[in-house]
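Contents: one structure, followed by commentary.
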Amino acid sequence: VSLNWLVAQGNVVPIPGAKSPEQAEEFKGALGWRLTDEEVTELRSLASKIKSVIGFPVEKL
Numbered sequence: 000v001s002l003n004w005l006v007a008q009g010n011v012v013p014i015p016g017a018k019s020p021e022q023a024e025e026f027k028g029a030l031g032w033r034l035t036d037e038e039v040t041e042l043r044s045l046a047s048k049i050k051s052v053i054g055f056p057v058e059k060l
């Protein structure tokens with residue numbers, strides 16, 4: 000889902016770093032389908048509610 004979410008942004012090109020041939024196959028399979036417009040809208044709505052925290056203390060993360 001995360002790779003498809005990045006692709007759906009339109010201005011992002013994900014470059015997954017596979018550490019094994021099996022992981023490369025998993026990434027390949029993840030891109031064999033696409034999120035629907037409704038799913039992208041839902042994920043954007045959820046992502047907009049996440050607040051970024053920079054720095055410490057860790058409790059704020």
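Mapping of the sequence shown onto my numbering: position 1 corresponds to residue 0, and the numbering continues sequentially without gaps. No residue lacks a Cβ here, since even glycine has one placed at the ideal position from N, Cα and C.
Backbone CA spacing between residue i and residue j [nearest angstrom]
i     : j     : result
Glu24 : Val11 : 21 angstroms
Phe68 : Ala17 : In the structure as shown, the chain begins at 0 and stops at 60. Residue 68 is therefore absent and cannot be evaluated.
Leu45 : Glu37 : 12 angstroms
Gln22 : Gly28 : 10 angstroms
Where residue i falls: helix, strand or coil (DSSP)
i     : result
Gly31 : coil
Pro13 : coil
Ser44 : helix
Ser19 : coil
C-beta contact flag for residue i and residue j at 8 angstroms
i     : j    : result
Leu34 : Trp4 : yes
Pro15 : Val6 : no
Same chain, Cβ closer than 6 angstroms to residue i, five either side skipped, listed in chain order
i     : result
Leu42 : Trp4
Gly9  : none
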